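Student: I'd like to ask you about the structure that follows.
Laid out in structure tokens, this is it:
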């Protein structure tokens with residue numbers, strides 16, 4: 001059998017569940033601004049939007065732009081929550097262990113929204129003990 005040179009995994013929902021954590025932080029902060037949103041509202045209305053699109057939607061919902069420090073605070077709180085709460089998807093560690101003898105490198109594809117979180121990327125690499133780690137953003 002030929003050795004596989006690179007295996008690429010999508011990060012969120014395959015290796016870890018960062019979406020729920022990030023959206024819970026964002027939801028809490030939006031509620032702190034006075035909006036009444038649930039996590040389901042976040043998943044239905046904000047997931048897939050860029051941060052500028054989120055700011056536009058927030059502005060439409062509350063009739064004014066969020067405070068200037070809001071985005072930086074979202075990123076800071078999200079990074080802290082991800083570092084504390086992120087866990088591997090059940091079963092993925094066994095899958096990676098079973099495949100490990102065949103690959104040379106691991107590729108992880110992440111959404112650009114996670115790019116500002118280098119600590120998360122390092123944590124994921126350490127969690128899965130990747131010897132050779134290739135990262136790409138879609």
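Numbering (my numbering), first residue to last: 1 to 138.
Ideal placement from N, C-alpha and C gives every residue a C-beta, glycine not left out.
Note that the coordinates shown come from a computational prediction; the quantities given were computed from them, not determined experimentally.
According to DSSP, is residue 34 helix, strand or coil?
Tutor: Three-state result, residue 34: coil.
Student: So, under 8 Å CB-CB, residue 124 and residue 54 are touching, yes? Tell me the CB distance rounded to an integer number of Å.
Tutor: About 24 Å; that fails the 8 Å criterion.
Student: Could you give the distance in angstroms between the alpha-carbon of residue 89 and the alpha-carbon of residue 13?
Tutor: Those two C-alpha atoms are separated by around 7 Å.
Student: Using the DSSP secondary-structure output, state which residues sit across from residue 88 in a beta bridge.
Tutor: BP columns for residue 88 point to 16.
Student: Using a Cβ-Cβ cut-off of 7 Å (strictly less than) and excluding sequence neighbours within five positions of residue 100, which residues of its own chain qualify?
Tutor: Once the five neighbours on either side are set aside, residue 100 has no close Cβ partner at all.
Student: Quick check: the Cα distance between residue 48 and residue 15, rounded to an integer number of angstroms?
Tutor: Cα to Cα, residue 48 sits roughly 19 Å from residue 15.
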